[in-house]
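A.B. asks: Using our numbering, read the sequence shown as starting at 119 and increasing by one per residue. In this text, a Cβ means the ideal position worked out from N, Cα and C, and glycines have one as well.
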Amino acid sequence: MQINPQIFREYDIRGIAGKDLSEEVYERLGKAYAAYMRGKTKHRTVVVARDGRLTSKAFSAAAIDGITACGLNVIDIGEVPTPLMYFGLFNLPVDGGIMITASHNPKEYNGMKVAAGDSTIHGSEIQKLGRIAAEGKFPEARGPVTITRMDLVPKYLKRVLSDVKLKRKLKVVVDAGNGVGGVVAVPLFESLGCEVIPLYCDVDGTFPNHHPDPTVPKNITKLIATVKRLKADCGIGLDGDTDRIGVVDDTGELIYGDKLLILFARSILKVKPGATVIGEVKCSRSLFEDVAKHGGRPIMGKTGHSLIKAAMKKYKAQVAGEMSGHMFFKHRWYGFDDAIYAGARLLEFLASGKKTLHQHLADVPRTYVTEEIRIETEESKKFAIVAQATKYFQKELGLKVNTIDGARIEFADGWGLLRASNTSPVLVMRCEADTPQRMREIQKMIEKKVKELN
């Protein structure tokens, strides 16, 4: 069987359903996963979950067929947010798990997030899984296997409610973007004592109302308008599989992941002085400076949920986050990215005093930052373009370039980032500066070079 090797990305599997992905491919991936797990199993059991995309149910069934054909048992927790699969890794007798999802990608995509033990695999391990799938040498079941259907949502809700308490009632608008998160987040936030106004919380894999990425302003216009109209304390947007959060403050302003992480870091540093906080290369300087100012240890890491989780273990971080809205709590939680739990922690933080969300961030120095700029290119060219740009800015212009993940080009009064997306054939760019004019200058400088190279 020919499988497009480009579906095996840095930290998960992504492709177009019907073109790159089919039930036959998923059965093959299930078998490859079972082979990959040889020598890593204690319970001979894995957890499987899926999002609400139109192809996910059939793809999940095919993957389960592949896994069980190779002798592993499956606990199937059905259509749930990705964090529920992660929760299962820590709370079920399993050796790993897979989530059938393409996260916030357009509706024609699907994919798979893969876990061994309690961690998602990435990089060379994803490529290893791809090689196993291509070679086609799989173990065969030598005895009976089981498929157990389980509703894990009640256990998840009970665990969060035992951890998070609100000191006052809040009004919150929740926009699930027709992904799988609303059916869990809305009852949870209501159980915490909030008045919840739901938007697009029914699951619909065609995403008829807006693209399920709550960190893009055009996708949350209704959320912003509703927060302002109803004078809500905040708005919470969830992405397609609910591992990413977008937040709107009481004035209707979108709060990006780095600003959100500032709030979470401040609250944790009060009870865990000196704690390590991890941001990624797209985060503002303000984040790293604020963490240090409040006595924490800031670390800049690579973008990518699997890479952040690995860094958290390495540096024993209490909390981490990405601009894209992945939020990871080790403090009082498990260390995986979970938009629902992050939302609950945000509500707890807000309810602890009388300040509004906007007021909490008023003392963060004002900088000017572009939205995430996505430049289309070819999958085979994207990493080479970043490498050539890095050489240009370092060697020819003599600038300091942080190459931990792409090229973060540092200026005295700002920075510009250029990196290859690990999930799409695009280059991702972001710029920040002390003034709007300088931000645009940095942006134009990088865009000009990329245009030459692309």
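1) Under the assumption that residue 290 contacts residue 352 (Cβ atoms under 8 Å), give the Cβ distance between them as a whole number of angstroms.
2) Counting only the same chain and skipping the five closest in sequence on each side, list residues whose C-beta sits under 8 Å from that of residue 420.
3) May I ask you to report which of helix, strand or coil DSSP gives residue 525?
4) Can you give, in chain order, each stretch of the alpha helix (DSSP H) that sits fully within the stretch 356-429 and has at least 4 residues?
5) Go to residue 308, then tell me how far its beta strand (DSSP E) extends in each direction, as first and last residue.
6) Could you have a look at residue 476 and say whether DSSP puts it in helix, strand or coil?
7) Beta-carbon separation of residue 532 and residue 443 under 8 Å?
8) Give me the Cβ distance between residue 184 and residue 203, rounded to the nearest whole Å; I'm assuming they're in contact under 8 Å.
9) In the structure shown, what three-state DSSP assignment does residue 458 receive?
10) Is it buried or exposed, residue 119, if we count other Cβ atoms within 10 angstroms and call 16 or more buried?
11) For residue 337, which of helix, strand or coil comes out of DSSP?
12) Figure out for me which residue from 121, 122 and 127 has the closest Cα to the Cα of residue 538.
13) If you draw a straight line from the alpha carbon of residue 390 to that of residue 448, how long is it in whole angstroms?
14) Name the DSSP beta bridge partners of residue 227, please?
15) So for residue 503, helix, strand or coil by DSSP?
16) Find out if the Cβ-Cβ distance for the pair residue 317, residue 344 is shorter than 8 Å.
17) Among 326, 293, 410 and 315, which one has its Cα closest to the Cα of residue 356?
18) Run through the DSSP bridge pairs and tell me what residue 533 is partnered with.
19) Counting C-beta neighbours from all protein chains within 10 Å, is the total for residue 268 16 or more, i.e. buried, or is it exposed?
20) Which residue from 332, 362, 334 and 305 puts its Cα closest to that of residue 460?
21) Taking the C-alpha atoms as reference points, what is the distance between residue 148 and residue 182?
22) Which value, in whole angstroms, describes the spacing of the CA atoms of residue 402 and residue 240?
23) Between the C-alpha atoms of residue 244 and residue 559, what's the straight-line distance to the nearest angstrom?
24) Would you identify the three-state DSSP class for residue 250, choosing helix, strand or coil?
25) One question on the structure: do residue 334 and residue 319 come within less than 8 Å of each other, judged by their Cβ atoms?
26) Within the same chain, show all residues whose beta-carbon is closer than 6 Å to that of residue 329, passing over the 5 residues directly before and after it, in chain order.
27) Measuring straight from C-alpha to C-alpha, what distance separates residue 308 and residue 177?
28) What did DSSP end up calling residue 294 once you bin it into helix, strand or coil?
29) In whole angstroms, give me the CA-to-CA distance for residue 440 and residue 201.
30) My output table needs one value for residue 239: the three-state DSSP class, helix, strand or coil.
31) Kindly list the residues whose CB is nearer than 8 Å to the CB of residue 162, restricted to its own chain and excluding five residues on each side of it in sequence; keep chain order.
C.D. replies: Once the coordinates are examined:
1) The count along the sequence shown starts at 1 and reaches residue 290 at position 172. The count along the sequence shown starts at 1 and reaches residue 352 at position 234. Confirmed, Cβ separation roughly 6 Å.
2) In the sequence shown, counting from the first residue as 1, residue 420 sits at position 302. Answer for residue 420: 398, 399, 426, 429, 522 and 523, listed in chain order.
3) Counted from its first residue, the sequence shown places residue 525 at position 407. In this structure, residue 525 counts as strand in the three-state DSSP scheme.
4) 375-389 and 403-411
5) As a first step, residue 308 must be located in the sequence shown, where it is residue number 190. Not the beta strand (DSSP E): residue 308 falls in the alpha helix (DSSP H), residues 300-309.
6) As a first step, residue 476 must be located in the sequence shown, where it is residue number 358. Helix.
7) Here residue 532 refers to the residue found at position 414 when the sequence shown is read from its first residue. Here residue 443 refers to the residue found at position 325 when the sequence shown is read from its first residue. It is not a contact, given that the beta carbons lie outside the stated cut-off.
8) Indexing the sequence shown from 1 puts residue 184 at position 66. Indexing the sequence shown from 1 puts residue 203 at position 85. Contact doesn't hold; Cβ gap of about 17 Å is too wide.
9) Within the sequence shown, numbered from 1, the residue matching residue 458 stands at position 340. If DSSP states are grouped into helix, strand and coil, residue 458 belongs with the helices.
10) On the sequence shown, position 1 is the one that residue 119 refers to. By the neighbour-count rule (16 or more Cβ atoms within 10 Å), residue 119 is not buried but exposed.
11) Within the sequence shown, residue 337 is the residue found at index 219, counting from 1. Here residue 337 sits in helix by DSSP.
12) Here residue 538 corresponds to residue number 420 of the sequence shown, with the count starting at 1. That would be 127, whose Cα lies nearest to the Cα of residue 538.
13) For the purposes of this step, residue 390 is taken as residue 272 along the sequence shown, with counting starting at 1. For the purposes of this step, residue 448 is taken as residue 330 along the sequence shown, with counting starting at 1. Going by the C-alpha atoms only, they are around 12 Å apart.
14) Walking along the sequence shown from the start, residue 227 turns up at place 109. In the DSSP output, where bridge partners are listed per residue, residue 227 has 134.
15) Locating residue 503 in the sequence shown gives position 385, counting from the first residue. Residue state, collapsed to three classes: helix.
16) To locate residue 317, count along the sequence shown from 1; it is residue 199. To locate residue 344, count along the sequence shown from 1; it is residue 226. Closer than 8 Å, so yes.
17) The residue given as residue 356 occupies position 238 in the sequence shown. It is 293.
18) By 1-based counting over the sequence shown, the position of residue 533 is 415. Paired residues: 528 and 550.
19) Translated into positions along the sequence shown, residue 268 becomes position 150. Exposed: under 16 other Cβ atoms inside 10 Å.
20) Counting from one through the sequence shown, the residue named residue 460 turns up at place 342. Residue 460 has its Cα closest to that of 362, out of 332, 362, 334 and 305.
21) Locating residue 148 in the sequence shown gives position 30, where the first residue counts as 1. Locating residue 182 in the sequence shown gives position 64, where the first residue counts as 1. Their backbone Cα atoms lie some 6 Å apart in a straight line.
22) Within the sequence shown, numbered from 1, the residue matching residue 402 stands at position 284. Within the sequence shown, numbered from 1, the residue matching residue 240 stands at position 122. About 25 Å.
23) By 1-based counting over the sequence shown, the position of residue 244 is 126. By 1-based counting over the sequence shown, the position of residue 559 is 441. The straight-line gap from Cα to Cα measures roughly 38 Å.
24) The residue you call residue 250 lines up with position 132 of the sequence shown. Helix.
25) Reading the sequence shown from its first residue, position 216 is the one you call residue 334. Reading the sequence shown from its first residue, position 201 is the one you call residue 319. Contact: no.
26) Position 211 of the sequence shown, counting from 1, holds the residue named residue 329. Counting only Cβ-Cβ distances below 6 Å, and skipping sequence neighbours, we find 337.
27) For the purposes of this step, residue 308 is taken as residue 190 along the sequence shown, with counting starting at 1. For the purposes of this step, residue 177 is taken as residue 59 along the sequence shown, with counting starting at 1. Cα-Cα distance, rounded: 33 Å.
28) The count along the sequence shown starts at 1 and reaches residue 294 at position 176. It is coil, neither helix nor strand.
29) By 1-based counting over the sequence shown, the position of residue 440 is 322. By 1-based counting over the sequence shown, the position of residue 201 is 83. Looking at the two C-alpha atoms, the distance is approximately 16 Å.
30) Reading the sequence shown from its first residue, position 121 is the one you call residue 239. Residue 239: coil per DSSP, three-state reduction.
31) For this step, residue 162 is matched to residue 44 along the sequence shown. Excluding sequence neighbours, residue 162 sits near 189, 190, 191 and 213.
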